[in-house]
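Residues 1 to 647 in UniProt numbering are what the sequence shown lists, from first letter to last.
We put the beta carbon where it would ideally sit given N, CA and C, even for glycine.
Predicted, not measured: the structure shown is a model, and the values here were computed from it.
Report on one structure; see the data block that follows.
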Amino acid sequence: MIVLQVNQLYKSFVTDEILSGVKLEVQHRDRVALVGRNGAGKSTLLKIIAGQMSYDSGEIIIPKDVKVGYLEQHAGIDSELSIWDEMMTIFGSLHKMEQALRKLEQQMADPAIYENAEAYTRVMSEYDQLQYGFKEAGGYQYEADTRSVLHGMQFYPEDYEKPIRSLSGGQRTRLALAKLLLSKPDLLILDEPTNHLDIETLSWLEGYLKGYDGAILIVSHDRYFLDQVVSIVYEVSRTRVTKYTGNYSAYLDEKAKNYERDIKMYERQQDEKAKLEAFIQKNIARASTTKMAQSRRKMLERTDWMDSPDSDEKSASFGFMIERQSGNDVLSIDDLAVGYTGKEISHDISMRIFREDRIALVGPNGVGKSTLLKTVVKDLAALRGEIRYGTNVQIGYYDQEQAKLNSNKTVLAELWDEWPLMNEKDIRTVLGNFLFSGDDVTKPVTSLSGGEKARLALAKLMMQKCNFLVLDEPTNHLDLDSKEVLENALIGYPGTLLFVSHDRYFINRIATKVVELSNNGAFEYLGDYDYYVEKKQELEELAAMKAASEAAKTSVSVIPARTTTSTIDKEAKKRERQIRRSIEEIEAKMEALDKEINGYEEALCNPEIFSNHEKALEIQTNLDIAKESHDILEMEWLELNEELDAL
1 MIVLQVNQLY
11 KSFVTDEILS
21 GVKLEVQHRD
31 RVALVGRNGA
41 GKSTLLKIIA
51 GQMSYDSGEI
61 IIPKDVKVGY
71 LEQHAGIDSE
81 LSIWDEMMTI
91 FGSLHKMEQA
101 LRKLEQQMAD
111 PAIYENAEAY
121 TRVMSEYDQL
131 QYGFKEAGGY
141 QYEADTRSVL
151 HGMQFYPEDY
161 EKPIRSLSGG
171 QRTRLALAKL
181 LLSKPDLLIL
191 DEPTNHLDIE
201 TLSWLEGYLK
211 GYDGAILIVS
221 HDRYFLDQVV
231 SIVYEVSRTR
241 VTKYTGNYSA
251 YLDEKAKNYE
261 RDIKMYERQQ
271 DEKAKLEAFI
281 QKNIARASTT
291 KMAQSRRKML
301 ERTDWMDSPD
311 SDEKSASFGF
321 MIERQSGNDV
331 LSIDDLAVGY
341 TGKEISHDIS
351 MRIFREDRIA
361 LVGPNGVGKS
371 TLLKTVVKDL
381 AALRGEIRYG
391 TNVQIGYYDQ
401 EQAKLNSNKT
411 VLAELWDEWP
421 LMNEKDIRTV
431 LGNFLFSGDD
441 VTKPVTSLSG
451 GEKARLALAK
461 LMMQKCNFLV
471 LDEPTNHLDL
481 DSKEVLENAL
491 IGYPGTLLFV
501 SHDRYFINRI
511 ATKVVELSNN
521 GAFEYLGDYD
531 YYVEKKQELE
541 ELAAMKAASE
551 AAKTSVSVIP
561 ARTTTSTIDK
571 EAKKRERQIR
581 RSIEEIEAKM
591 EALDKEINGY
601 EEALCNPEIF
611 SNHEKALEIQ
621 TNLDIAKESH
631 DILEMEWLEL
641 NEELDAL
């Protein structure tokens, strides 16, 4: 079923054409990504589809019964309610159904209802229908679903009563995403949902979206996330939209193949065009060949020559160099505690950083990663412990909040004032390499977008030529193309790197070590992000096996020195006999409960009993208890049978 169709959509802002002849289609359960550079029109297209922005011409078709949910970039909940109460506002219809069920139950508990057979039948029929509708709408599981999604977004039971106005901006954004997921729209539109999410939450969101029972249209600059979630990619480039089948990596491969094909076709056309032009120029003045030349000129004018496949969208171009080399020992941290006055965030941190290390610092939000970096670059004082810097270490720091880029200076002055001995031409060349050209260099720094500020901060960092770069979320605000340029620049950097990032693709390309930070220390893994995940899982499995082994030692007095194959087979057969006996016992109990349940249901149909309110209520209570016990036994029976099949 088609949930969204966009046909020949056009959108302009004054004289700038943003979208031209856009075609896009989303089917039920499609996972679709919109990719493209900052300013290409991705968010504009999402806003138009969500009905929050007008368009010049074209057609957007969304079936009437399709529910659309939209989360815009940097969205956050502004409410006077608590976290839990705000989530419950989604389920207003279920609350009304629940109240109606309770009202019908009160009527059923009234002895007078049993004296009127017609009224009794009507109430029971209404109750059955309402209960079925309540169950189908998720009435018995919406609270469990809410707890699950809130947990995935890092809100725990102790947070439920917190007022939303007390939350940070990032927490409000995560809560807005949680609320949208719980509303379960048929078409889920997400604009940069991975902002403000740590790696653990990103992994949870990936799993949730993979199993989401609806269509998803998403804008994201997280390549790892896109590879895991989407199966269709629409590229927004030069006002047009092109469709690619597959995840982000497949899109890159297909785009490269298309480019090679198009460049060959373009070159052939240009050769043909040049030959026509040369023939016309040579023969137009001759009386004997002028008609042929005129014919060729008409052909030249009528032909729809293809545009050059080389994009007019420029890419940034830069690299990081060092002024002088540091010693082999760059940084030593021993028993460090970091935080703010009166608030310790993390302690017992010990690390060693050597020349040309590329270390990714990972961990959940709030664990102190940015605080540790600020302590290393001396923006914050250490609460206790020791930091020792190596010989000739020069630190360059990239702040994710770009707190030092809030001046009223122009872009040109921001750079030139720090390097006044350089001439203007060279400063402009540097800025041009970071995509600041023409009037862009006269913009006030305060008016720049997040992406522009990020490029300016990287320009200043490049100019410093430091041999130890400390980077806090350097890929935030960068589009996919700029991320790739930054990665290539850092791969060729001859110095040392310590960085915080939630971009797993970026970590995989750059890191040679991963340090996981917790509230009570740091643990080092020698490898990239994929190795870190694999090794961490392996260590967790070993810890679980060790715990199980310790538990077995305490419960068994004698443990054989060697376990043979025959011993394992005997243990398996012994376990099989135990399971079969348990299954037989459970089946006997379920059979007895079935008879008990039938007896209670027959009793409730007895006019003498249902006319006795107290007796009917007692039997109904016993019936509910018996059914609940039956359900528990049935779950145990299913689990045992699954274990038996696995043996």
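Can you list, in chain order, the residues of its chain whose CB lies under 6 Å from that of Ala256, leaving out five sequence neighbours each side?
none
Neighbourhood of Ser315 by C-beta, 7 Å cutoff - its chain only, sequence neighbours within 5 removed
Around Ser315: Asp481, Val485.
Does the beta-carbon distance from Asp335 to Arg352 come in below 9 Å?
no
List, from N- to C-terminal side, the beta strand (DSSP E) runs of 3 residues or more that fit wholly inside the segment 465-525.
The segment 465-525 contains these whole beta strand (DSSP E) runs: 468-472, 496-500, 513-518, 521-525.
Determine the extent of the beta strand (DSSP E) in which Ile322 is found, giving its start and end residues.
Counting along the chain, Ile322 falls outside any beta strand (DSSP E), and DSSP gives it neither H nor E.
For Val68, the nearest candidate out of Ala100, Gln106, Thr429, Ile218 (CA to CA)
Relative to Val68, the option among Ala100, Gln106, Thr429, Ile218 whose CA is nearest is Ile218.
Gly368 classed as buried or exposed, judged by whether at least 16 other C-beta atoms fall within 10 angstroms:
It is buried - the Cβ of Gly368 has at least 16 other Cβ atoms within 10 Å.
Could you tell me the distance, in whole angstroms, from the CA atom of Val393 to the CA atom of Phe354?
Going by the C-alpha atoms only, they are around 11 Å apart.
If you drop the 5 nearest sequence neighbours on each side, which residues of the same chain put their C-beta closer than 6 Å to that of Ser407?
Val445
Leaving out the 5 sequence neighbours to the left and right, which residues in its chain are closer than 7 Å to Ile206 when beta-carbon positions are compared?
Note on residue identity: the sequence assigns Glu, not Ile, to residue 206. So the list reads Phe225, Gln228, Val229, once near-sequence residues are dropped.
With a 10 Å radius around its C-beta and 16 neighbouring C-beta atoms as the bar for buried, classify His477 as buried or exposed.
By the 10 Å Cβ count, His477 comes out buried.
Would you mind giving the Cβ-Cβ distance between Val515 and Tyr529, rounded to the nearest angstrom? I have them listed as a contact below 8 Å.
Not quite, the Cβ-Cβ distance comes to about 12 Å (not below 8 Å), so this is no contact.
Determine the DSSP secondary structure at Phe279, reduced to helix, strand or coil.
helix
Given Ser317, which residues of its chain have a CB within under 6 Å of its CB, disregarding the five upstream and five downstream residues?
Asn433
Just curious, the alpha helix (DSSP H) that Leu209 is in, first and last residue?
Looking at the DSSP string, the run of the alpha helix (DSSP H) that includes Leu209 is 199-210.
By a C-beta neighbour count over all protein chains shown, 10 Å radius and 16 as the cutoff for buried, is His502 buried or exposed?
buried
Does the distance from the CB of Asp85 to the CB of Lys11 come in under 9 Å?
no
When DSSP labels each residue in this structure, what does Ile284 get in the three-state scheme?
Residue state, collapsed to three classes: coil.
Ile83 and Leu175 closer than 9 Å at C-beta
Cβ distance < 9 Å, so Ile83 and Leu175 count as in contact.
Does the segment 337-352 come close enough to the segment 290-298 that 3 or more CB-CB pairs lie under 8 Å?
no
Can you check which of these residues, Glu80, Gly92, Lys47, is closest to Glu72 by C-alpha distance?
It is Lys47.
Coarse secondary structure for Val68, derived from DSSP in three states:
strand
Quick one: using the 10 Å Cβ neighbour count with 16 as the cut-off for buried, is Lys179 buried or exposed?
buried
Hey, is Glu267's beta-carbon within less than 9 Å of any beta-carbon in chain D?
Although the question refers to chain D, the structure presented lacks it and comprises just one protein chain.
How long is the line joining the alpha carbons of Leu539 and Tyr531, rounded to whole angstroms?
12 Å
With DSSP collapsed to three states, give me the class of Thr245.
strand
Does the pairing of the segment 461-474 with the segment 490-510 give three or more beta-carbon distances under 8 Å?
yes
Quick one: Cα of Asp65 to Cα of Leu4, how far?
12 Å
Leu331: buried (16+ other C-beta within 10 angstroms of its C-beta) or exposed?
buried
Would you mind sorting Val14 into buried or exposed? The rule is 16 or more other CB atoms within 10 Å of its CB.
By the neighbour-count rule (16 or more Cβ atoms within 10 Å), Val14 is not buried but exposed.
Is the Cβ-Cβ distance between Ile359 and Val376 less than 9 Å?
It is not a contact, given that the beta carbons lie outside the stated cut-off.
Cα-Cα separation between Pro364 and Glu636, rounded to whole angstroms
36 Å
Are the beta-carbon atoms of His221 and Glu192 separated by less than 9 Å?
yes
Measure the alpha-carbon distance for Tyr234 versus Val32 and round it to whole angstroms.
7 Å
Reference Ile90; option with closest CA among Asn612, Asp145, Arg268:
Just measuring C-alpha positions, the residue of Asn612, Asp145, Arg268 sitting nearest Ile90 is Asp145.
Which residue or residues does DSSP assign as beta-bridge partners of Asp329?
Per DSSP, the beta-bridge partners of Asp329 are Phe354.
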